[in-house]
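Participant: Numbering (this note's numbering), first residue to last: 25 to 373. The beta carbon of each residue, even a glycine, is placed where N, CA and C say it ideally should be. Sharing a structure here in structure tokens format.
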Ligand code: UT7
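Here is the structure:
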């Protein structure tokens, strides 16, 4: 007797951006108070970024993840109690431990039990069973975090370890920015994006590939740590932008081609490229290498900035809700970032 193949498929997407939106001009005015010069012109020309959102002082990564997850669950027609796995990709967790995913699980349970509003989203359906008890853990792969988390969830579903996973990327990078360093603080923003990934008899995720090369740790890092109640080292983000740029451009087209080959597909089969939203020049450069037209790239970097692990699910949700991406289309999701890490997931929506 042969058992039927189990696939995993995205059945709902959601996202959340904090309400505090800063334009390049707002940021330039803030830096000018410390005698640091930057301009809308420089930021737009070098990165494509025009705005970013910063979380309120009392909002943590799990707080941003909560409305993104509620929205994804509603899109999938699910409630919290249907979820049997939570993976949260973040480099800006609520605490050192427990994981942001565990904290999020509790907040999701409370939301569905209390039927309160979250970020303007009304509770849709009462919980029939509790979300408490399902496995919940964080994945730390910086800007590649979401493709790492999605790949792990896919593997757990395909091997029977879960049937309905919540995979979320959530970041509050504004907390680790050095506002005296104009080469980095203008680039990043806060936000969260989520998907519901369910077991399916039809293929959704077609192939994926993950990589890391730790020798590049110094090109993008937050080198501080906590020891004996003290912060040791610098707890703010450091980046050698040009080195990261060269590494990113080098790996993104290669990993996309490798994933296509695994799935028996070619560049022509991709309907939408959804790359990590760090810099418009890297994104369009990758599309060019893949011989894809620029209008097949989902671009949100202008309004979100670089939201690290949240950028890909934020862009995916934007593409779905704006009507650009349609069910049945083939998407290439690509992440790249600190570690150095990179990876790609090819899927049919
Ligand atoms: O999320 C992980 C992935 N991260 C990335 O993919 C980031 C990759 N790197 C980049 O996107 C780009 O390297 C940056 C956007 C960070 C920088 O762009 P660039 O074209 O590589 O600029 P640059 O570092 O070569 O700097 C050019 C000039 C310098 O001045 P000089 O030395 O030519 O006089 C910088 O001091 O621009 C200056 N500069 C700025 N000027 C105004 C650097 N930052 C700023 C700023 N405003 N914010």
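Determine the burial state of residue 30: buried for a count of at least 16 other Cβ atoms within 10 Å of its Cβ, exposed for fewer.
Facilitator: Its Cβ having fewer than 16 others within 10 Å, residue 30 is exposed.
Participant: Just mark residue 119 as buried or exposed, buried being the case when its beta carbon has 16 or more other beta carbons within 10 Å.
Facilitator: With fewer than 16 other Cβ atoms within 10 Å, it is exposed.
Participant: If contacts are defined as beta-carbon pairs under 8 Å, then residue 249 and residue 257 qualify, I think. What distance do you get, rounded to the angstrom?
Facilitator: Yes, residue 249 and residue 257 are in contact; Cβ-Cβ is about 6 Å, under 8 Å.
Participant: Cβ of residue 94 versus every heavy atom of the ligand UT7: is any distance shorter than 6 Å?
Facilitator: For the ligand UT7, not one heavy atom lies less than 6 Å from the Cβ of residue 94.
Participant: Between residue 322 and the rest of its own chain, which residues show a CB-CB distance below 6 Å, the 5 nearest in sequence each way excluded?
Facilitator: Correct list, in chain order: 296, 298, 339 and 343.
Participant: Give every residue of the same chain whose Cβ lies closer than 6 Å to the Cβ of residue 213, excluding the five residues on either side of it in the sequence, and list them in chain order.
Facilitator: Same-chain partners within the cutoff: 76, 77, 328, 329 and 331.
Participant: Please confirm if the segment 167–176 is in contact with the segment 358–367, defined as three or more CB-CB distances below 8 Å between the two stretches.
Facilitator: The segment 167–176, when compared against the segment 358–367, does touch it at the 8 Å Cβ threshold.
Participant: Is the CB of residue 211 under 7 Å away from at least one CB in chain C?
Facilitator: Among the protein chains of the structure shown there is no chain C, as only one such chain exists.
Participant: If you count every other CB in all the chains shown that lies within 10 Å of the CB of residue 135, and 16 or more means buried, which is it?
Facilitator: Under this definition residue 135 is a buried residue.
Participant: Based on Cα-Cα distance, which residue from 174, 138 and 164 lies nearest to residue 154?
Facilitator: The residue with the shortest Cα to Cα distance from residue 154 is 138.
Participant: Can you check which of these residues, 204, 251 and 190, is closest to residue 216 by C-alpha distance?
Facilitator: The shortest C-alpha separation from residue 216 is found at 190.
Participant: Nearest by alpha-carbon distance to residue 79: which of 89, 42, 206 and 300 is it?
Facilitator: Checking every option, the nearest Cα to that of residue 79 belongs to 42.
Participant: Could you give the first and the last residue of the continuous alpha helix (DSSP H) run that contains residue 86?
Facilitator: Start and end: 85–100.
Participant: Determine the DSSP secondary structure at residue 334, reduced to helix, strand or coil.
Facilitator: Looking at residue 334 - three-state DSSP - the assignment turns out to be helix.
Participant: Please report the residue range of the beta strand (DSSP E) in which residue 162 lies.
Facilitator: Looking at the DSSP string, the run of the beta strand (DSSP E) that includes residue 162 is 160–163.
Participant: Closest to residue 112 by CA distance: which of 373, 346, 334 and 71 is it?
Facilitator: The residue with the shortest Cα to Cα distance from residue 112 is 334.
Participant: Specify, as a first and last residue, the run of the alpha helix (DSSP H) that residue 128 falls within.
Facilitator: Counting along the chain, the alpha helix (DSSP H) containing residue 128 begins and ends at 124–138.
Participant: Quick check: residue 96 and residue 220, are their CB atoms within less than 7 Å of each other?
Facilitator: Cβ distance < 7 Å, so residue 96 and residue 220 count as in contact.
Participant: If contacts are defined as beta-carbon pairs under 8 Å, then residue 116 and residue 61 qualify, I think. What distance do you get, rounded to the angstrom?
Facilitator: At roughly 27 Å, the Cβ-Cβ gap does not stay under 8 Å, so residue 116 and residue 61 are not in contact.
Participant: Within its chain, find whatever has a CB closer than 8 Å to the CB of residue 184; leave out the 5 residues flanking it on each side and keep chain order.
Facilitator: 30.
Participant: Within a Cβ cutoff of 8 Å, which residues of the same chain sit near residue 279, ignoring the five residues on either side of it in sequence?
Facilitator: Closer than 8 Å at Cβ, skipping near neighbours: 233, 235, 358, 366, 367 and 368.
Participant: CB residue 125 to CB residue 110, shorter than 7 Å?
Facilitator: Yes, the Cβ-Cβ distance between residue 125 and residue 110 is below 7 Å.
Participant: Indicate the three-state DSSP secondary structure (helix, strand or coil) for residue 236 in the structure shown.
Facilitator: Looking at residue 236 - three-state DSSP - the assignment turns out to be strand.
Participant: Considering only the alpha carbon of each residue, which of 101, 356 and 362 lies closest to residue 285?
Facilitator: Taking only the C-alpha atoms, the option nearest residue 285 is 356.
Participant: Taking the alpha carbon of residue 294 as the point to measure from, which residue in 314, 308, 307 and 305 has its own alpha carbon closest?
Facilitator: Nearest option by C-alpha distance: 314.
Participant: Taking the continuous alpha helix (DSSP H) assigned at residue 256, which residues delimit it?
Facilitator: First-last for residue 256: 254–256, but that is the beta strand (DSSP E), not the alpha helix (DSSP H).
Participant: So the beta strand (DSSP E) residue 223 belongs to, where does it begin and stop?
Facilitator: Per DSSP, residue 223 belongs to the beta strand (DSSP E) from 214–224.
Participant: May I ask whether a heavy atom of the ligand UT7 can be found less than 6 Å away from the beta carbon of residue 365?
Facilitator: Not so, every heavy atom of the ligand UT7 lies at least 6 Å from the Cβ.
Participant: Taking the alpha carbon of residue 177 as the reference point, which residue from 255, 218 and 45 has its own alpha carbon closest?
Facilitator: Measuring from the Cα of residue 177, the nearest candidate turns out to be 218.
Participant: According to DSSP, is residue 373 part of a helix, a strand, or is it coil?
Facilitator: In the structure shown, residue 373 sits in coil (DSSP, three-state: anything other than H, G, I, E or B).
Participant: The ligand UT7 and residue 269: does the residue's C-beta get closer than 6 Å to at least one heavy atom of that ligand?
Facilitator: Yes, the beta carbon of residue 269 sits closer than 6 Å to at least one heavy atom of the ligand UT7.
Participant: Only counting the same chain, and skipping five residues up and downstream in sequence, which positions put a Cβ closer than 6 Å to that of residue 45?
Facilitator: Excluding positions up to five away in sequence, the list reads 75 and 77.
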